[in-house]
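If you read the sequences in order, they're chains G and W. Going by the working numbering, the first sequence opens with residue 1, and the numbers climb by one from there. Going by the working numbering, the second sequence opens with residue 1001, and the numbers climb by one from there. Note that CB positions come from ideal geometry on N, CA and C, so glycine has one too.
Protein chains: 2
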Amino acid sequence: MVHSTLQQPSVDALETIVSDLLDLQHELTPSFVPIRPSIPTALEFLRQVHTNFPVIYRAAAFDWPAFNPTSGRRWSKQYLLDRLRDTTVSVAETPLGNADAPLDGMFVQPHTSHLPFPQFMDKLLDLDADTVCYMQSQNNNMPTEFPQLLDDVAMDITWATEALNSKPEAANLWIGSSRSTTSLHKDPYENLHVQVLGQKVFKLISPAEHICVKESMLTKATYQKLSVGFNLTAETERQPWPTLDPDAVDSRDYWQSKVRVLEVVLNPGDILYLPALWYHKVIQVSDKEGLCCSVNYWYDMDFTGPLWQFANFVQSISNSLTGVDHNSDCVKDDNI
Amino acid sequence: MVHSTLQQPSVDALETIVSDLLDLQHELTPSFVPIRPSIPTALEFLRQVHTNFPVIYRAAAFDWPAFNPTSGRRWSKQYLLDRLRDTTVSVAETPLGNADAPLDGMFVQPHTSHLPFPQFMDKLLDLDADTVCYMQSQNNNMPTEFPQLLDDVAMDITWATEALNSKPEAANLWIGSSRSTTSLHKDPYENLHVQVLGQKVFKLISPAEHICVKESMLTKATYQKLSVGFNLTAETERQPWPTLDPDAVDSRDYWQSKVRVLEVVLNPGDILYLPALWYHKVIQVSDKEGLCCSVNYWYDMDFTGPLWQFANFVQSISNSLTGVDHNSDCVKDDNI
Chain G
1 MVHSTLQQPS VDALETIVSD LLDLQHELTP SFVPIRPSIP TALEFLRQVH TNFPVIYRAA
61 AFDWPAFNPT SGRRWSKQYL LDRLRDTTVS VAETPLGNAD APLDGMFVQP HTSHLPFPQF
121 MDKLLDLDAD TVCYMQSQNN NMPTEFPQLL DDVAMDITWA TEALNSKPEA ANLWIGSSRS
181 TTSLHKDPYE NLHVQVLGQK VFKLISPAEH ICVKESMLTK ATYQKLSVGF NLTAETERQP
241 WPTLDPDAVD SRDYWQSKVR VLEVVLNPGD ILYLPALWYH KVIQVSDKEG LCCSVNYWYD
301 MDFTGPLWQF ANFVQSISNS LTGVDHNSDC VKDDNI
Chain W
1001 MVHSTLQQPS VDALETIVSD LLDLQHELTP SFVPIRPSIP TALEFLRQVH TNFPVIYRAA
1061 AFDWPAFNPT SGRRWSKQYL LDRLRDTTVS VAETPLGNAD APLDGMFVQP HTSHLPFPQF
1121 MDKLLDLDAD TVCYMQSQNN NMPTEFPQLL DDVAMDITWA TEALNSKPEA ANLWIGSSRS
1181 TTSLHKDPYE NLHVQVLGQK VFKLISPAEH ICVKESMLTK ATYQKLSVGF NLTAETERQP
1241 WPTLDPDAVD SRDYWQSKVR VLEVVLNPGD ILYLPALWYH KVIQVSDKEG LCCSVNYWYD
1301 MDFTGPLWQF ANFVQSISNS LTGVDHNSDC VKDDNI
């Protein structure tokens, strides 16, 4: 077989191609996240999924007992304490509210503890505590760990289940406070995020904009809780992670100057459709009792269609230009 | 602003990335076109569109009067002659059945004539004629030029119209014979192709495989019919066009050895979903009266989603590697 004889494209040519992709994304899609006043039909939702663009369904979960003052199941600090007094929960503990986040060239993971729910709530609501707690286990905890709450919420989002022809892969309960932030990352799931208590602010970046998110190979490290404070233990393994903070974009940097960050504020009852492979940073805003609480549903994305291939190809090309090598221990990301 | 300072990726690294994309496409998608025994719901069809993968809906148009022996509108040579005896049709004429096709470094377009339908049929069915005729105008001719046939066929494909939330952009009637072939190309439409008389054989290649289709910048040329034979007049303008013949793949060539050509045989009553931006070559097989006849429906594709960006980005990267420049007059495609 005659092997491929390709030409060497110049860096300028490749930069133009990647830059054109960003321009195309920005020209063809809205510069804001649309808000719909009511729930969609399955067909309308699937059209949204097909565009791979986020949308807010305003107040679309208000029929849940968790929101209904007359249901006897309306969520509040006291209601959760009553229901979960005998439940042990898995809690991420960090010094800075930074579970699964980049820090000084490391990818830091939380100390995980298992606490009785009332004790977790005490720690969560103590704003002076030297440890920041976040119940964020993301392991389908809603049906498996919180059966007492299942009558309060939906087991799935029916129009999404019908559209995508599958039940959610996971339903997760999140309980945190303003002290925790989730750093920019992406998930290979179609995500429906329902806000219950407090607010969440999402900062969203499309998969096309991979070159703008400053992906780097970070050394994995895990917090270990000491009697006072934390120790941070580095591992040998490394992990690719976007290191851009959408709230600290440096407009003097060429690629950062080109990124489009979409901001979404999710209020109680709102459902955010967060499309598969979109980068998202999540900031929490506690309610007046100090709580920020959500339930999200992860549906399998379609791995056979253009999105998965597109995101992989864009990532590979941009990493080849910025010197990030997922398979190498030699990372040169000075130029990002 | 600090301008981007990117690294120069090696040709080998880029070749690996493009090659990995082909492998991913082949691993994640079927190696054949699925056949469904019945029409889909709108939701099922939209899921198919979302995967951007072709499918045949077997015998899905058999409820059309054009297929029904008792309708009095069943299509045949005589029926079409009766209905269209007073209609003038736009006909592509070529010496080789090669309208809109690559030929010796040129992109050749047909001589277009306007003939009374009976005269077109005479020429089409004369297998010894020195001119090959094909009624292939693709300008929404079905409703505009053939109102006499509208009761015989569907005005749209209802489940596609519901799924895509729009009427077709165009419905086209095609009347040809085994003597014409449509060369490999792509269209920016979601396409539903209904076979009525004879068969069509489609050779399909996914958008991910752009580097395999040997896109080249070809000089435009148009056939002009002379009293005997044709003259071919070249223009100054050039046109990018895939020059691969899926029926003459050179397995000694690196990229051609990697291409996956999906073959589909469409019988009367079958509907092919041909996804937007898929390359397709179309071979016609006449029925026993010498006719090959189809109706196709073009629906707008979603330009805001990942597919359009993906196909553009893949095309740009692969053209940068093979030296094809859409904006330049200097083409170096020796290396494809």
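First and last residue of the uninterrupted beta strand (DSSP E) at residue i
i	result
P116/G	H111 to P116
Q1195/W	Y1189 to L1197
H1280/W	Y1279 to V1285
W1174/W	A1170 to G1176
V1055/W	V1055 to Y1057
L1184/W	T1181 to H1185
Helix, strand or coil at residue i [DSSP, three-state]
i	result
I1211/W	helix
P957/W	Because chain W here runs from 1001 to 1336, residue 957/W falls outside it and cannot be looked at.
S1019/W	helix
M1135/W	strand
V228/G	coil
T1243/W	coil
I317/G	helix
L84/G	coil
H1326/W	coil
T304/G	coil
D128/G	coil
V1049/W	helix
M1155/W	coil
F1310/W	helix
D104/G	coil
D1333/W	Low local confidence applies: a pLDDT of 42 at D1333/W is under 50, so the model's placement there is unreliable, with the coordinate-based value given in what follows. Looking at D1333/W - three-state DSSP - the assignment turns out to be coil, as it is neither helix nor strand.
A1013/W	helix
E1044/W	helix
D270/G	coil
E162/G	helix
F1032/W	coil
L6/G	coil
L1204/W	strand
E1027/W	helix
L291/G	coil
Residue i at chain G interface by Cβ criterion, 7 Å
i	result
Q1007/W	yes
P1306/W	yes
G1323/W	yes
L1021/W	yes
A1042/W	yes
I1336/W	Interpretation of I1336/W is limited by its pLDDT of 32, a score under 50 that renders its predicted location unreliable; the figure taken from the coordinates is listed afterwards. So, not an interface residue.
L1204/W	no
Contacts of residue i in chain W (Cβ-Cβ under 8 Å)
i	result
I17/G	F1313, S1316, I1317 and S1320
T29/G	T1304
A99/G	Chain W residues near A99/G: none, gap ~30 Å exceeds 8 Å.
L232/G	Chain W residues near L232/G: none, gap ~31 Å exceeds 8 Å.
L274/G	Near L274/G there are no residues of chain W at all, since even the closest Cβ is about 15 Å away, more than 8 Å.
Residue-chain proximity (residue i, chain W), Cβ-Cβ < 7 Å
i	result
V331/G	Unreliable placement is indicated for V331/G, whose pLDDT of 43 sits below 50; no coordinate value is reported for it.
Within chain W, the residues that residue i reaches when beta carbons sit closer than 7 Å
i	result
T11/G	The residue you asked about is not Thr; residue 11/G is Val in the sequence shown. By Cβ distance, chain W contributes L1006 and Q1008.
Host alpha helix (DSSP H) of residue i (start-end)
i	result
E338/G	This structure cannot speak to residue 338/G, because chain G is shown only from 1 to 336.
S1257/W	Y1254 to K1258
Neighbour list for residue i in chain G, Cβ cutoff strictly below 7 Å
i	result
A1208/W	Q309
Residues that residue i contacts on chain C, provided the C-beta gap is smaller than 7 Å
i	result
L24/G	Looking at the structure shown, chain C is missing, and the protein chains on hand are G and W.
Interface residues of chain G facing residue i [CB-CB closer than 9 Å]
i	result
L1192/W	Chain G residues near L1192/W: none, gap ~17 Å exceeds 9 Å.
L1173/W	In chain order: nothing, as chain G lies at least about 29 Å away.
Closer than 9 Å at the beta carbon, the chain W residues around residue i
i	result
L244/G	Going along chain W, no residue has its Cβ under 9 Å from L244/G, so there is no contact; the nearest lies around 15 Å.
Interface residues of chain G facing residue i [CB-CB closer than 8 Å]
i	result
L1291/W	Within chain G, no residue comes near L1291/W; the closest Cβ sits about 37 Å away, beyond 8 Å.
Give, in chain order, every residue of the segment 45–60 of chain G whose Cβ lies closer than 9 Å to some Cβ of chain W. Listed in sequence order: L46, R47, V49, H50, T51, N52 and F53.
If the cut-off is 9 Å on Cβ atoms, which residues from the segment 1143–1169 of chain W count as contacting chain G, listed in chain order? E1162, A1163, L1164 and N1165
Compile a chain-ordered list of the residues in the segment 238–269 of chain G whose CB is closer than 8 Å to at least one CB of chain W. S251, R252, D253, Y254, W255 and S257
Could you name the residues of the segment 1100–1118 of chain W whose beta carbon sits closer than 7 Å to any beta carbon of chain G, in the order they occur along the chain? Cβ contacts with chain G come from no residue of the segment 1100–1118 of chain W.
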